[in-house]
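Under full-length UniProt numbering, the residues of the sequence shown are numbered 1 to 501, in order.
Even for Gly, the Cβ is constructed at its ideal location relative to N, Cα and C.
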Amino acid sequence: MTDVGVAVLERVQSGVPGLDVILGGGFLKGGLYIIQGPPGTGKTTLGNQICFNHVAHANRAVFVTLLAEYHARMMQHLSVMKFFDASKIPDQLSYLNGLAALHETGLRGFVSLLRKEVTSRRASVLVIDGLVTARRLAPDEQAFNEFIHDLQAVAIAAGCTVFILTSSRSDVIEPEHTMVDGIVELADELAGWAAESSLQVVKFRGSGFLRGRHAYKITSGGVVVHPRIEALLSRPSRPDQGGDGDGRVVSGLEQLDTMLGGGLPEASTTMVMGPSGTGKTTLGLEFLAACTDTTPGLLFGFYETPKRIDAKAAGVCPALRNLIDSAVVEVLWQPPTDDLLDAYGERLLQAVKRRKVKRLFIDGLGAFQSAAAGSGSDRIGMFLTALMNEMRILGVTTVYTLEVPDIMGPSIRTSIGDLSSLAENLILMRFVEAGSQLHRLISILKVRDSQFDQSLHEYETSSQGLIIRPNSESAQAIMLGVPIVAQRERNSGPARTGRRR
């Protein structure tokens, strides 16, 4: 009971990955729900998945179809799904074709049949596939509304949760929409050449839920829904501890720590920008090489496979390879094609929480941006802001890379929007042409609540990793276009990576 003496309604979990999270714990017991969407969006698959998940916990369910499709053919289609379990049929899950009964006895006779089946089989979930048929055969609008009302009475009396599947249009408000307890809408739209499926809870009485559209896929395991990350993390998973992140975390490169004013702020987010070939990934590997047993790390990458990362680590950062072999650092590779933005975010969050990660390197922010292309140009900013805020709450120090199109010159152009809102620290790695040679320069553009070295520093990439020169003299000479050989000879001291040991 609550403080005001109102009973808390019992939940019936769908068992569909992600859906119960969106619903705040599942559907409400004894409720009447519409699942609607055009043909091909997976309504029948979703209804069957709910039934099989329900009976897997020693419950009973009834699936009634008002469509012309034969049960045997539907069973053939379902048999390839991982949730399908023929041993549950018919004792726990029974299938019934109600089309003949509807034709012979009308809506009232059909409701009587449903009441009898639910009661005799002690079913706590009922799925009716084909509401459009019942509407078509109803003598008038009032008779159809009475039919919906009678279904509610069946649900309440038997404590049975009822799902009605229909292909009615989402842009037309039907009378039954005002009568049912909830509406879940499935959609499938083209984004360029690709098709994107989304689920939206339009209405859900008696409970809060995650509003807006959420991406889903139909896999061999059935429907898998990925709650929108910015909606899921609109409230952090735990209270902000405030001053817990006031310390410093070494970057793995001593000279870079000096430039940063003592290292990276703990639990902060650092964006490393630069064109391809500037050494962004190598800098991230150096960052992970500073992991320990008490500060485990994660490399969440898109473009370098684990084998390539292992080979690169063996060449420029042997310490990291040992950490990977000893499971202090995990490499989690994501193919950057044909996947969903929220699926990436979900896997990242799961890995961080599972391993209690303290150092996170995301190599390839552009893959997130590409995955968000069909969701609206402003989604990537909200997605990353929510994700990085959660990392901060979890005490994770994050470094991620962003490739920028400019190879040379002083300008910086990105297509990701306001950089300051996405990262507390900004590091720029670039090429500069001087004479007939390309030189690499690194600079710090921003550090959270801290003083830092604002000058340019020349650096080199070698088999020993990154070598950053301790002062800006050679960088200044490069920018001015004057000979720098003599200055390099005078400042030849840092012929080392400057790694933290």
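Beta-bridge partners of Gln36 (DSSP): Thr166, Glu185. With contact defined as three or more Cβ pairs closer than 8 Å, the region 200–213 and the region 17–29 are in contact.
Counting along the chain, Tyr216 sits inside the beta strand (DSSP E) bounded by residues 213–219. When secondary structure is reduced to three states using DSSP, Gln76 falls in the helix class. Counting C-beta atoms within 10 angstroms of its own C-beta, Gly364 has 16 or more neighbours from the protein chains shown and is therefore classed as buried. Here Ser234 is exposed, its C-beta having fewer than 16 other C-beta atoms within 10 Å. Counting along the chain, no beta strand (DSSP E) covers Tyr70, and no H or E run does either. If you compare the alpha carbons of Pro318, Asp140, Arg379 with that of Glu230, the shortest gap goes to Arg379. In this structure, the alpha-carbon of Gly47 lies about 11 Å from that of Gln36. Taking the Cα of Asn97 as reference, the smallest distance to any Cα among Ser220, Ile128, Thr119, Lys88 is reached at Ile128. Residue range 141–158 is occupied by the alpha helix (DSSP H) that includes Ile156. Taking Phe302 as reference, the option from Val249, Pro318, Gly366 with the minimal CA-CA separation is Gly366. Closest by C-alpha distance to Asp339, out of Val249, Val132, Leu107, Tyr216, is Tyr216.
Separation of the CB atoms of Leu232 and Arg248 is rounded to 31 Å, and the pair is thereby denied contact status at 8 Å.
In this structure, the straight-line span from the alpha carbon of Val316 to that of Pro470 is close to 20 Å.
The three-state reading of DSSP puts Asn389 in helix, counting H, G and I together. With respect to the 8 Å criterion, Gly159 and Gly30 are classified as neighbours on the basis of their beta carbons.
When Asp181, Val272, Asp449 are compared, the shortest CA-CA separation from Leu285 is found for Val272.
The DSSP-derived three-state label of Arg248 is strand. Taking the Cα of Tyr459 as reference, the smallest distance to any Cα among Ala319, Met74, Gln476 is reached at Gln476.
As for any beta strand (DSSP E) of minimum length 3 sitting wholly inside the region 277–317, the runs are 297–301, ordered along the chain.
The residue from Leu441, Val447, Pro405 with its alpha-carbon nearest to that of Asn425 is Val447.
Residues of the same chain with a CB within less than 7 Å of the CB of Ala371, apart from the 5 flanking positions on each side, are Asp339, Leu340, Leu341, Tyr344 in chain order. Comparing alpha-carbon positions, the option among Ser220, Thr337, Val328, Phe361 lying closest to Thr282 turns out to be Phe361. Residue environment for Gly435: exposed (fewer than 16 other C-beta atoms within 10 angstroms of its C-beta). Collapsing the DSSP output to three states places Pro175 in a helix. With contacts defined by Cβ atoms closer than 8 Å, Phe452 and Leu260 form a contacting pair.
Boundaries cannot be given for Arg60, as no beta strand (DSSP E) includes it and DSSP labels it neither H nor E. When rounded, the separation of the alpha-carbon atoms in Asp85 and Arg11 is 24 Å.
Non-local C-beta neighbours of Pro306 in its own chain, meaning closer than 6 Å and more than five positions away in sequence, comprise Val331, Trp333, ordered along the chain. For the pair Gly109 and Asp140, the Cα-to-Cα distance works out to about 16 Å. A contact is defined here as three or more CB-CB pairs under 8 Å, and the region 60–72 meets this definition with respect to the region 112–130. Val80 is a Cβ neighbour of Ser220, given a cutoff of 8 Å.
Bounds of the beta strand (DSSP E) holding Ser198 are 194–204. For Lys446, there is no enclosing alpha helix (DSSP H); the residue is part of the beta strand (DSSP E) that begins and ends at 437–446.
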